[in-house]
Each structure stands twice: as C-alpha cells, then as structure tokens.
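Worksheet: the structure to be examined is printed underneath.
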Amino acid sequence: MLGICRGRRKFLAASLTVLFVPAITWIYLFAGSFEDGKPVSLSPLESQPHSPRYTASSQRERESLEVRMREVEEENRVLRKQLSLAQSRSPSQHHGNHSKTYSMEEGTGDSESLRAGIVAGNSSECGQQPVVEKCETIHVAIVCAGYNASRDVVTLVKSVLFHRRNPLHFHLIADAIAKQILATLFQTWMVPAVRIDFYDADELKSEVSWIPNKHYSGIYGLMKLVLTKTLPSNLERVIVLDTDITFATDIAELWAIFHKFKGQQVLGLVENQSDWYLGNLWKNHRPWPALGRGYNTGVILLLLDKLRKMKWEQMWRLTAERELMSMLSTSLADQDIFNAVIKQNPFLVYQLPCFWNVQLSDHTRSEQCYRDVSDLKVIHWNSPKKLRVKNKHVEFFRNLYLTFLEYDGNLLRRELFGCPSEADINSENLQKQLSELDEDDLCYEFRRERFTVHRTHLYFLHYEYEPASDNTDVTLVAQLSMDRLQMLEAICKHWEGPISLALYLSDAEAQQFLRYAQGSEVLMSRHNVGYHIVYKEGQFYPVNLLRNVAMKHISTPYMFLSDIDFLPMYGLYEYLRKSVIQLDLANTKKALIVPAFETLRYRLSFPKSKAELLSMLDMGTLFTFRYHVWTKGHAPTNFAKWRTATTPYRVEWEADFEPYVVVRKDCPEYDRRFVGFGWNKVAHIMELDAQEYEFTVLPNAYMIHMPHAPSFDITKFRSNKQYRICLKTLKEEFQQDMSRHYGFAALKYLTAENNS
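Under full-length UniProt numbering, think of the first position of the sequence shown as 1, with each following residue one higher.
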C-alpha cells in the first residue's frame, strides 16, 4: 500500500511539473523579451545588427535565452515520457523495495538512482535513464599487444558477451602477434552480431614513441591517446577498455551514459581509487598533475566527434610536452597525460560512478564503490599482481573472474533475436554444407564433424623462435588432449628444436594446462614451443583437424609429423637437419621415415644409440610398433633391413601403411573426414603416395612409443559396431574421391584394399 501511495505522489509531482514548469519558463522568457518596453525578437532572422539599439551584449542574452528555452523543452519532453510510463504501469509492478526504471530490452535493467546513496556520481538523477535502442551497435576499443594480453582480451570479451543484448563492434588496436591470434579466434568463434576491426599498433608507435614511459604496459600503454586519429572518422563515440577488465553487467548500461554528457563533456571517467595522484605514498613521491585523486583510464567513454572538433591531438601533445620538461617520463602511461589535460580543462570530464571501474590495486578505496554484489558493474585488475592483489573481497572478485576465464565460449554463440546480423560468408557456407547432409544417415555425426568450426586460440603461451638461416630447420608436429599432458616435458627433453602442438581442450582445461605449464621449469624455459588450443565441441576427437592446425603454424621449411605418445631419440633434431641436406629434400618430393618402436614398460632406460636399441629388441624390452595388433601399419618400413642399414633406403607404399615422416611444409593436409580412431594417418600417407612422394627410411633414426591407457575413441571403435561401419563407409568414399582426383593412378588403392 505504501508503495502505491508513493507512486501516486510521484505521479502527482510529475503532473504538476509538466503543467507549471513550462508556464513559469514562458513567463520568464516573455518578460525577458522586452527591452525599454518593446519586444525583442528571439529569432536571429529578425535581429537587426545595424540598428543603433543592437549591441553585442543583447545578442548574447538572446542566444542564452534560446539555449535555455531548448533545454526546458527537452526537460519537458522527458517528463512527459515519464508521465506516460507511470500511467501505463499497473500497481502490481510497484511492489517491493524499488522499481527498475532503466529500460534496455523488454523493459528490464537497473536504475543508477538506486545507487546514488552508495556512490557519488555527477548528480543524483532520479529520472528515467536514456534508452539504448534494442539493435543499436555498441562500439568498444581495446589496445592489445602480445601473447598474454591476447588471453586477457578473451576473458574480457567473454564477460561482455555473457551480459550483452546489443550488437557489438570491437575495434582492436593490435600488434602483429595479437592480430594473428585474435583474428583466428574470432573467425572460428563465429559469434552472431559481433564485428571485429583491427588497427595496426606498430604503425602508431611513431605517434607516441617520443614519450618516455616507465609503466609495465610499455609503448602500447600510450596508444589510447591517439584513438581520435586511429578510429574511423565517422565513428562518433566509443567505450575504451583495458584488457584486465571484467564486466558484471550489460555494457549497454555504460553506453547509455553517453546521453548524460552535457556542454563540453567529452570524457567519461571514474575517479582514481588510490592515493597515487595525492603524492603521499612515499617520501618525495611526485606524480603528474591531476584534479584531486585524478581519474583512472581503465574504462573511458570517448565522444570522438567532439574531441576531434576540440583538436584533442594538439591538446594532449602540448600538455605532454610541457609536463615532460619537469616530469621527464610518465609513470602510469596514458593515464598521466589524460589527467594533466583534465587538470587544465576540468570541463571535459563527466565523472562516472565508481562502480563502473572498481579498481583492485593495493591500497585503494574500491570498497566504498559497492555495498552488495548487485552494485558491481566493472572490475578492474589494475595491479601488476593481478589476481594476487590484496582486497577484503578478493576471493569473490577472483571467483567472478575465473567464472568467465573457464566459461565455455561456445555457449556465447547465441543469436540476438530481432536484430539482423551482417552477412557472414563463412557462416553461410557452413549452413549450406550442413543442410546438404542427411540427418537420417546413421553416419550423420561423422559427416557433420568434417564441417564443424572449432574455436581456435593460437599461441596460447609466449612463442619466440627464428628458424635457422641455412633452411634446414625442422619442427616437430603433434596433437594431444588433457590425458597426454604428462608427455610434454619428456618430449622437450628429447627434442631441442621447435615444436608445434595442437591441444584439444575445454575452456576450463585450457586454464589447467596454463597453470601446469607455468609451474613447469622445463616448459617455461622453452620459447620455441607453439601451443595452439582447439576448443572442444562435438562428440568426436578431431585428430586430423588438430594435426592441420599444428602443421599450418610452423615457421620452418620442414616438419616431423609425430604423435604425442612417442619420444624421439636423443639428437634426432640435428640428425634430421643433416638428412634434409643429404637427401636434397628442398628439391625433391621425399617423405623421410623415422622407424617406430614401442615399449610396454612405463619406466624405460631410453636407448642412447641404435646398437643399444637393437640389444633391447633382442632382449624383448622393445618391439617394432604395433607388430602384435597392426602389423600392416609399419611392416613396409622393413625392420629387418633397417637393423643392418647404414644408408637411407627406399620403400614402396603398401595398403594401410602409416609411418611417421619428415616432409616439406607444403605437403597436403590430413583429411578431416577421419575423426577419432582409424585411418587418419593411413589416408594421409596414401595421398602422399598419390602425389608421387618417395618414401625413404632413415637408417640411424628411431622413435619409441610410451605406454598409456587406451583412448576413449579406440574404446568406441572396439565396442561400437556402427562406429566401425561408418569408418568403413568413410574409407570407401575417400578412395572414390582419390580416384576422381588422381585418375587411373589411384586405382591401385582400391585394388590393394580389396586384396588386404
């Protein structure tokens, strides 16, 4: 009942305001429209500048009256809209402690006025918040450089996508590394109503390289200063975010605040929540000039069109040049320069409520920004310590961050109903291919997997390698899932050359892998290992897709196509580089075979030479690979000849042959129709033979398969009859495709299969 009465009082107040404010305003304007008893025209068309009675002062008064009149009319329009909303509400909608008045989509959202007592903004506005149109595109700019920042961007984007109900346009100012990573990620993510544009950060370095900067973000931490020049000239407004931001609400609420900017306000910023700019953190601490505590630039609302008209470029440059004469360098990158400009021009800022940038660096006042979980809007991990920062509620913030860190990104591929998406050729082609499949086909799931687009994050960890200048370098290529993670350290100890790995993981498993790698001295000491995450989707292990991803992202002219369960002999990397020259691999189509062996012992004294390996073969400690279950797979290697061979020798292709080979990087990809267990390598070797590759066995090379529990896919193959039927069907279709592609020469594969 009390809520209804309050609603009626508000309704009555709004009604009186609508009736009396215009009347009072017009009386004031009418009275002010007379000069010496004569009416003064408010229209510029009716003014008489050549009249003796016309003065500059009266002109300014008339212009002021016109501005005030328009402001009053706008206020009346808003009040009328509130009145109509109040009339349309039923009493049942007013029960509870408060009503939600900020409408973004389907009439739901949060009112900032509810938090006026918690957080100090520019004003305690009680009126209707400006509405963001349902399909209005929200523009977001992020500066991103390097491998680690690319991972941070993904978590930020996940938090934005989770809450969003509007189309998004991300403007990414990225270096070459981040662009390669993020372009592939978004292309394979295929999120509807999301557009990505890249801007070359390296081209912008000259704009800010003259500014000495001590901040850990380096030169890229200054690039937000040049966004007015970098972003498209027709882009009027943009939200600028640091990479260490996590959203806890719909970004449209932040976008709506642009409508509150008045006069010359062009920057929306939250007050800095530390004492940095007060200059009292330590003796002789001398920060850049700032208004009071200054402002934090982790979240910025930029009115680009007005900034350009104000000559923002000239404004910040002159300020920076002047301050650097005494300060010598920036300590907080762009933030110092933004604050110095604001100190001179305070009218530029619209101060955002501090829950739009809850800053979790040490010794901040961030706890004053919220009283409840529902108060949180944006969390900013603006400390070099990141998740290890000290804060009373850090566990809660950390869990919120980890939620998005490990959240399945595939679930964010949701349509925005009622908002048309831009035509995406890749998405349209995928839908066309899937529509051509027969869903009643018993092998439908196998066929569908061939066209599944898996979200892919390249170079998940730092990668740094320059191939040898003699053009003999070889990269070991392999793929794995979480259950083979323990093999990584052993392989790194056996192979000192570059490695390209594709890991099939969920989002949560990717974070487990990250923690495992960062805790391993062996892995962290190696910067020439490229880890490429292919995120899980579907019911099959996409083994050949993984191999193709790892193959595609090598920087050497040659690659050793291996499997994660194998340990190469010590010194194999250097031996293969010499073999590449000896066998003229650069100018011939050769596949160099590394003979494969296996042990059934989990603890093996690894043979250090061929002689030692032969001795272990004779004693039964080692065996030729799969001799007891799949002899045909490696029999053509001719192990009897290899025992005494001292020079490379050629072997012919035979049915079901699947050796591990060294080839040029331009060799054909693996066929994606083969997933899980069965025929994935066989088909590839068959295609190499069809393209007239010569198979050459290396006499002093070997690799050993280490024992492990059977994979889930081989278990399905053995236990599921339909699985085996579908694999046979796919084999036959592959052979038919080979015949169509390679003609008469490919008939031998059909004959060999029938005879095997």
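A virtual CB, placed ideally from N, CA and C, is assigned to each residue, including glycine. Values in this document were obtained by computation on a predicted structure and should not be read as measured data.
When the beta-carbon positions are compared, F261 and Y350 come within less than 7 Å of each other.
Within the DSSP bridge table, the entry for A591 names F695 as partners. In this structure, K589 sits away from T696, with a CB-CB distance that is not shorter than 7 Å.
Spanning the alpha carbons of I219 and S435 requires a straight line of approximately 49 Å. For A640 and H634, the gap between their C-alpha atoms comes out near 12 Å.
In this structure, L567 keeps its C-beta atom at 7 Å or more from the C-beta atom of I379.
C-alpha of L505 to C-alpha of L168: approximately 27 Å in a straight line. About 4 Å separates the Cβ atoms of A508 and E406, confirming a contact at the 8 Å cut-off.
Contact annotation, M190 with S421: C-beta distance approximately 11 Å; criterion of less than 8 Å not satisfied.
Non-local beta-carbon contacts of Y575 in its own chain, meaning distances under 7 Å to residues more than five positions away in sequence, involve N700, A701 in chain order. A distance below 7 Å separates the beta carbons of T155 and F404.
Within the region 327-362, complete alpha helix (DSSP H) segments of at least 4 residues are found at 334-344, given in chain order. The count of Cβ pairs closer than 8 Å, one atom from the region 606-617 and one from the region 672-690, stays below three, leaving the stretches out of contact. Secondary structure remark: continuous beta strand (DSSP E) runs of at least 3 residues inside the region 253-321, in chain order: 267-271, 295-303. Secondary structure note for D197: it is in no alpha helix (DSSP H), and the uninterrupted beta strand (DSSP E) holding it is 194-200.
F734: not part of any beta strand (DSSP E); member of the alpha helix (DSSP H) spanning 721-742, first to last residue. DSSP places V140 within a strand segment (E or B) once states are collapsed to three. The beta-carbon distance between K214 and S326, rounded to whole angstroms, is 15 Å. This is too long to meet the 8 Å contact definition. Inter-residue distance for Y573 and V663 is about 14 Å (C-alpha atoms, whole angstroms). Here the alpha carbon of G678 sits roughly 7 Å from the alpha carbon of L727. In this structure M223 is in contact with V208, their Cβ atoms being roughly 6 Å apart against a cut-off of 8 Å. Contact annotation: L458 and I196 have beta-carbon atoms that are not nearer than 7 Å. For the beta strand (DSSP E) assignment, the uninterrupted runs of no fewer than 3 residues enclosed by the region 495-568 are, from N- to C-terminal side, 499-505, 529-535, 558-561, 566-568. Contact annotation: I491 and A510 have beta-carbon atoms that are not nearer than 7 Å. Secondary structure note for T246: its beta strand (DSSP E) is the uninterrupted segment 245-247.
When DSSP assignments are scanned along the region 146-190, the uninterrupted stretches of alpha helix (DSSP H) that are 4 or more residues long and fall wholly within it turn out to be 146-163, 176-189. Note on M706: 16 or more other CB atoms within 10 angstroms of its CB, so buried under the neighbour-count rule. Residue environment for T456: buried (at least 16 other C-beta atoms within 10 angstroms of its C-beta). The criterion of a C-beta distance shorter than 7 Å is not satisfied by E652 and K681. In this structure, the CA atom of R643 is about 60 Å from the CA atom of I142. Separation of the CB atoms of A252 and N166 is rounded to 5 Å, and the pair is thereby assigned contact status at 8 Å. When the five nearest sequence neighbours on each side are left out, the beta carbons in the same chain lying within less than 7 Å of the beta carbon of L461 are those of Y147, A517, Y531, in order along the chain. The beta carbon of M315 sits closer than 8 Å to the beta carbons of V341, N345 from its chain, once the five residues preceding and following it are set aside; these are given in chain order.
DSSP places E598 inside the beta strand (DSSP E), whose first and last residues are 596-598. With contacts defined by Cβ atoms closer than 7 Å, V226 and L204 form a contacting pair.
By the neighbour-count criterion, in which 16 or more other beta carbons inside 10 Å mark a residue as buried, W210 falls on the exposed side.
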